[in-house]
Every structure is written in C-alpha cells, then in structure tokens.
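Q:
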Amino acid sequence: MGRYILRRLLIAIPTLIAISLVIYIILSLSPIDPLSAFGADPRVPPEIRENIRRSLGLDEPLHIRYVKWLTAMLRGDFGQSFLSHVPVMDLIAQRLPNTLAVVGVAYLVGVLIAIPIGMISAVKRYSLLDNVATTLAFMGFSTPTFFTGLLLIIIFSVNLRWLPFIYDSNLKITDLGSLGLQVKQSIMPIAVLALFNAAVLTRYVRSEMLEHLPLDYVRTARSKGLVERTVIIGHVLRNSLIPVVTLIALGVPTVFGGAIVTEQIFRVPGIGELLIRSIGNGDIPVVAGVVFIFSVLVVLFNLVADVLYAVLDPRIKYA
Amino acid sequence: MATTGVRLAPLAPAEALRPARSLWRDAWFQFRRHRLAMVGLFTLAFIVLATLVGPYVWTQPTNDIDFSRSLLGPSFTHPFGTDDLGRDMFARALSGGRISIAVGLSAVLIAITLGTTIGAVAGYFGRLDSPLMRLTDLFLSLPILPLLLVIIFLFRDTLRAALGPELGIFLMIVAVIGILNWMAVARLVRASFLSLKQKEFVEAARAVGAPHLRIILKHILPNVLSPVLVAATIGVGGAILTESTLSFLGLGFPSDLPTWGRLLFDGKDYIDFAPHWAIFPGLCIFLTVLSINFIGDGLRDALDPRRGL
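Protein sequence lines, in the order shown, are assigned to chains A and B.
Be aware that the first sequence starts at 1, since it is given in the working numbering, and climbs by one per residue.
Be aware that the second sequence starts at 1001, since it is given in the working numbering, and climbs by one per residue.
Next comes the structure, spelled out in structure tokens:
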C-alpha cells in the first residue's frame, strides 16, 4: 500500500513540473511586457529601463529564468503582486480556505444527493421517479453554473428576499446570530456547485449501478437469502461506487472552474475571484501563482482519488 | 450439400423483400424510439434554423441605440425585451446564437481531429503509446478554465490587432477550447484501436500488404466512428458552455459582437429590475445544451452494439 502511494506521488511530481513549464511558456510567450507596470512612464530613460530589466533577471535566457522561477516557487516564493506589493503566497493563503470550503461542501452535498437518487433510479429503472430524476439530472448539467447562480439570485434574493446575494467577507463568527448569517450567505454559492455536481454524479451512480445489477455476484447474494436492501446497498452500491471515485477525480478541473464562476457571481473572496480580479488588473505574478495553485489542487485531488481507488478496490495491484 | 441447398432456397425470396439494413438505418430506427432525443433534435433544429434564418426575418437592428426604449420588458415588438441602450434583445440573441453555435461546432471539430489522430497513433503504433498517453494525462490534469482565461487575457490584444477584432477573437477562442478538450476522445479512440488492431480483419488487411495509413483510415477508423460521434455531440454542448462561461467572466466575445454568454454578462448587473435581459440568453444556452445532451444520449443508445433490436 505504502509503495503504491509512493509511486503515485512520484508520478505526480513530473506532472507538476510539466504543468509549471506549460504555464511558464504561455506566460513568457505573452506579448505583454513585464515592465509595463514599472516602466510605462515615458520619463524613464531607456538605460534605466535596461537596468531594471537586468536587476529583475529579464536579460537571461528563457531556461535559466524558468529554473529560477521554479526553484523560487518550490520555496514558496511566488513573487509579489504588481498592484499591492503583497507577496502572492499571502494573497493565496488568505483566500484558499474559502475556495476549498465552497468546493468541499458542494462536493459533499452533491454526493449526498446523488447516491440515494442514482441508486433508486437504477433499481427502479424507467419508473416515474427514474424518469423525473433523469430529466432533472440532464437539466442540471446542461445549465451553465452562472445561469443557475443568477436564477437563484432572482428567486431568493430579489423576489423572496430570503438570502443576501453579496458574500460579506468581513463577517466574523462570534455567536449564533453571526453563524446563521454565515450559513445564509454560503447557501447560494454552494448550492450552484452542489446542484451541478449532484446532476453529474447521479448519472454516474445510476449507470454504474445498472452495469452491476445483472452480474452473477448479485444473483449469488440474492440466492443465499439476503434481504434486497442488503443486496443493493451492501453489495451493488459498494462495488458501483469504485469507478465513480475515478470519475469524480476526472471532474475535479471542471469543479474548480465552477468555483471560479460561483465566486465571481457572489463575490466570495476565494482564489477564483482573485484570479479574475488579477487578470482584470494585469497583475501577472498573481495570475501565474493562482493558476499554478489550481494545478497543484487538481493533481492533488487526482492523487487522493487514485489512493482511494486502491483502498476501495483490492484488485488494484500495489506493485 | 444438396440438403442445405433445398433448405436455403425457399428463404431467399423473403430475404429479398426486406429493405436493405445498414448500421445507420438501424441506428436511426432506434434513435426515433428515444422520445427525449427526438424532442431534443427538433428543439435544436428549431434553434439552429432560427439563428440562421432569423436575422433575415426579424430585421430589427442589433446595435441601434435608442434610450427612449431602454430596459423594456418582453412585448410583441420586443419578445426578449430591450437592454439599457434600447437594443432589441431578440435580434441580439439571434445573431449571438449564430456565434455561440459556430464556436461550439468549430471547437469540437478541432478537438475531435486532434483526439482521433493522437488516439489512433497511440493505439496503433505501440512504441508511441506510452509517450502520447503521458501527454494525454498531463493535459487531463491541467486546470482548463484558469488556463483558458490566462491565454485569452495574454494574447487577446495581439490577435485582435493581427486578424481584426471579430476573426481574431473567434479563432482564438475556438482554438484554445479545441486544444484543451481533445483528451477524452483520444483515450476512447486509443482503447478501441488497441482491441481492434488484434482482430482478424486487420490481420487480413496486413497480410495482403495494405500500408499502415490505409489500415488505420479504411479498416479500423470506421469501426471507431460511433463512439466518436457520441463524444462529438456532447462535446458541442460542452464547448458552448465553455464559451459562454468565458464570455460571462468578461474574457470572451466583446459587447458589440455578443454571444449568449456575453449577453448574460452584460445583463447580470440589472437582474433586480430587468431580469429578462439575463434570463432569455440564459434560456437559449440552457435549451441548446440540453437538446444536444439529449441527442447525445439517444445516439449513445442507438449506436450501442449491445442493444437489442
């Protein structure tokens, strides 16, 4: 087991290095001058501009600059924001918990909705409930997340006035009242992602269950006299969830994309909102840092899914 | 020998009466029984037709500013209402749909071409399999949306200057969506190639001396077509969603060349007193993508070789 995890970890490292290379190449091919934030002033004479370039190491060849950038990042030094001159790492560290909370809770809620519905849908195939669930699931993953968000705002904030549509990041949780406010303002940003996840996962659970239901081991379980409930939950569902784990991992990039959208709509101060804001401001060090952090998260979650897969399915060889 | 001849003879006329059945005919027969897929097909055909023919029938200008009729709700003169500058939203939605759908189709064309080529090469030539699959895995772990945003942000102005505002942004968005979405198709095609190249008919083709390219294109590829077609159909919906997400985040098409996503982006700050501005473009995206997904589901069922006829 330990060796398997170690091997997965060792594969993750070259992947991350390759991703960092891709990001660096894209950034360095860009026609935007990194000096534009400092040296756009026409009063700066060309020789001083050249000096700034040299002091920043911009006169060195590309591969050396890349290695320097990478080693600095490995030490946790992502550079400074052009705009606020705050270290990029601090900006990301401030906001990362918000993003992870939104994505994490949304995944949890999505799974909690998807497993029972997908299961009943598969067991009672072509029943009224299955048809309703299937139609709703198709609607769920055909609706763009930003449209779900706007619809929720129109219904619950504008018409019913139940929920606030701007996330108040200064809210401190001190007592029950402020906790309630925090819950209230988190409902919609999370619901947008959770509904999308639930729709996708319901389909996965349903189709995996359908693959497993006609298999021999299910008949064996029934013939040795197990209650139907035990057969479905203890045998079929358990086996069907194994491939679902992989499918969840493959969906992680999409979910982080959804997080960017939901953070943008509700002004949740997460790294997605930071990315969009920095792109708007042309703040390249922050943009590079956030994109790299997104890559790390995607690779990390894939790693977790691989390990989970191995834990769930003993047929996976650890060699 | 004689007895078999006798037994076969009476069957022959009955056989001749049956219409010729091909894979696509069978598939169409099966597809028609999928009710939601048929509804999807008609809805999509209606939307595509509306965006193609609509602008010639509904001749209100898309960019005519008239403050006297700004932010009007839906009515007979303006079925989708008007925006803050008094522009007719129905006309804008029609022309926007054209671009949205064109982006979806072109991006998928790129993704399918890339994916099929890479998958076929990886599956057919064993030596290239491992490096190409590593590449696929790498692309699969890229954070797609952030990367798309960064690429568009960095290269938008250069391309706009080089190719003009409309063509430049169109080509760029189509290319980046295509280049970042070929991986699923590549995996699919590779898996099919791996199993198909072991089959007897491929061996037979090789035995009569067919070159690799001919075996790939004429013998194996047609057998992979149906799963690729399903993936392509669903991919069009995905590409339309991606484009509208980019436009919604302000990094897609400009306001004077609006797609559905861009119209939503422009309307999102007015949802408290002019919700129609955002709702109608959103519904357009939703209906289009939903129809495409239903069609994809119907195709998957219809082209599944395990189906019972």
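Don't be surprised by glycine CBs; every beta carbon is placed ideally from N, CA and C.
Return no unless some Cβ of chain B is closer than 8 Å to the Cβ of residue 178(A).
A: no
Q: Could you tell me whether the Cβ atoms of residue 1148(B) and residue 1264(B) are closer together than 8 Å?
A: Taking 8 Å as the cut-off, the beta carbon of residue 1148(B) is found no closer than this to the beta carbon of residue 1264(B).
Q: Taking Cβ-Cβ distances below 7 Å as the criterion, which residues of the segment 1266-1300 of chain B are in contact with chain A?
A: Listed by position, the residues of the segment 1266-1300 of chain B near chain A (Cβ gap below 7 Å) are 1268, 1271, 1272, 1275, 1278, 1282, 1285, 1286, 1289, 1290, 1293, 1294.
Q: According to the neighbour-count rule (16 or more other Cβ atoms, all chains shown, within 10 Å of its Cβ), is residue 1088(B) buried or exposed?
A: Buried.
Q: Measure the C-alpha to C-alpha separation of residue 6(A) and residue 1140(B) and round it to an integer number of angstroms.
A: 21 Å
Q: If we cut at 8 Å on Cβ distances, does residue 250(A) have a partner in chain B?
A: By this cut-off, residue 250(A) is an interface position.
Q: Do the segment 1248-1256 of chain B and the segment 103-122 of chain A make contact, defined as three or more Cβ pairs closer than 8 Å?
A: no
Q: Pick out whichever of 1154(B), 1196(B), 1248(B), 1092(B) has its Cα sitting closest to the Cα of residue 962(B).
A: It is not possible to answer for residue 962(B), since the shown part of chain B is limited to 1001 through 1309.
Q: To which residues of the same chain is residue 326(A) closer than 7 Å at the C-beta, ignoring the five residues directly before and after it?
A: Nothing in the structure corresponds to residue 326(A), since chain A is present only between 1 and 319.
Q: Using a beta-carbon distance below 8 Å, is residue 1237(B) in contact with chain A?
A: yes
Q: Here's the rule: buried if 16 or more other CB atoms are within 10 angstroms of the residue's CB, otherwise exposed. What is residue 1199(B)?
A: exposed
Q: Cβ closer than 8 Å: which chain A residues qualify as neighbours of residue 1090(B)?
A: Chain A residues near residue 1090(B): none, gap ~18 Å exceeds 8 Å.
Q: Confirm the yes/no value for this check: CB of residue 1195(B), any heavy atom of the ligand SAH, distance under 7 Å.
A: Looking at this structure, you won't find the ligand SAH or any other ligand, since it has none at all.
Q: Since I believe residue 252(A) is in contact with residue 298(A) (beta carbons under 8 Å), could you give me their beta-carbon distance rounded to a whole number of angstroms?
A: 5 Å
Q: How big is the Cα-Cα spacing for residue 1222(B) and residue 1097(B)?
A: 32 Å
Q: Please return the same chain residues whose Cβ sits closer than 6 Å to the Cβ of residue 242(A), not counting the five positions on each side in sequence.
A: 312, 313
Q: Helix, strand or coil for residue 254(A)? Go by DSSP, reduced to three states.
A: helix
Q: Three-state secondary structure (DSSP) at residue 1064(B)?
A: Residue 1064(B) sits in coil when the DSSP states are folded into three classes, being neither helix nor strand.
Q: Can you look up residue 1304(B) in the DSSP assignment and give me helix, strand or coil?
A: coil
Q: Quick one: list the residues of chain B neighbouring residue 142(A), beta-carbon separation under 9 Å, in chain order.
A: 1237, 1241, 1285, 1286, 1287, 1288, 1289, 1290, 1291, 1292, 1293, 1294
Q: According to DSSP, is residue 80(A) part of a helix, a strand, or is it coil?
A: In the structure shown, residue 80(A) sits in a strand (DSSP, three-state: E or B).
Q: Between the beta-carbon of residue 258(A) and the beta-carbon of residue 193(A), is there less than 8 Å?
A: yes
Q: Taking residue 202(A) as the query, report the chain B residues whose CB atoms sit under 7 Å from its CB, ordered along the chain.
A: Neighbours of residue 202(A) on chain B: none; closest Cβ ~14 Å, over 7 Å.
Q: Using Cβ-Cβ distances below 8 Å, what residues of the segment 1124-1153 of chain B are close to chain E?
A: The structure shown contains no chain E; its protein chains are A and B.
Q: State the CB to CB distance for the pair residue 1298(B) and residue 1031(B), rounded to an integer number of angstroms; the pair is presumed to be in contact (CB under 8 Å).
A: About 5 Å; that satisfies the 8 Å criterion.
Q: Within the chosen definition, does the segment 175-183 of chain A reach the segment 138-145 of chain A through at least 3 CB pairs nearer than 8 Å?
A: No, the segment 175-183 of chain A does not touch the segment 138-145 of chain A.
Q: Going by beta-carbon coordinates alone, are residue 1103(B) and residue 1234(B) separated by less than 8 Å?
A: no
Q: Give the straight-line distance between the Cα atoms of residue 153(A) and residue 1129(B), rounded to the nearest whole angstrom.
A: 49 Å
Q: Taking DSSP's pairing of strands, which residues face residue 1088(B) in a bridge?
A: 1082(B)
Q: Residues in its own chain within less than 8 Å of residue 80(A) by CB, not counting five upstream and five downstream?
A: 86, 87, 88, 285
Q: Taking one C-beta from the segment 196-206 of chain A and one from the segment 124-139 of chain A each time, how about it: are there three or more such pairs within less than 8 Å?
A: yes
Q: Measuring only between beta-carbons, confirm whether residue 114(A) sits less than 8 Å from chain B.
A: no
Q: What residues in the segment 142-162 of chain A bring their beta carbon closer than 7 Å to a beta carbon of chain B?
A: Closer than 7 Å at the C-beta level to chain B, one finds these residues of the segment 142-162 of chain A: 142, 143, 144, 146, 147, 150, 153, 154, 158.
Q: What does residue 15(A) reach in chain B if we use C-beta pairs closer than 8 Å?
A: Under the 8 Å cutoff, chain B gives 1137, 1138, 1141.
Q: Using a Cβ cut-off of 8 Å (strictly closer), state whether residue 1100(B) contacts chain A.
A: no
Q: Pull out every residue of the segment 1053-1085 of chain B whose Cβ sits closer than 7 Å to any Cβ of chain A, in chain order.
A: none
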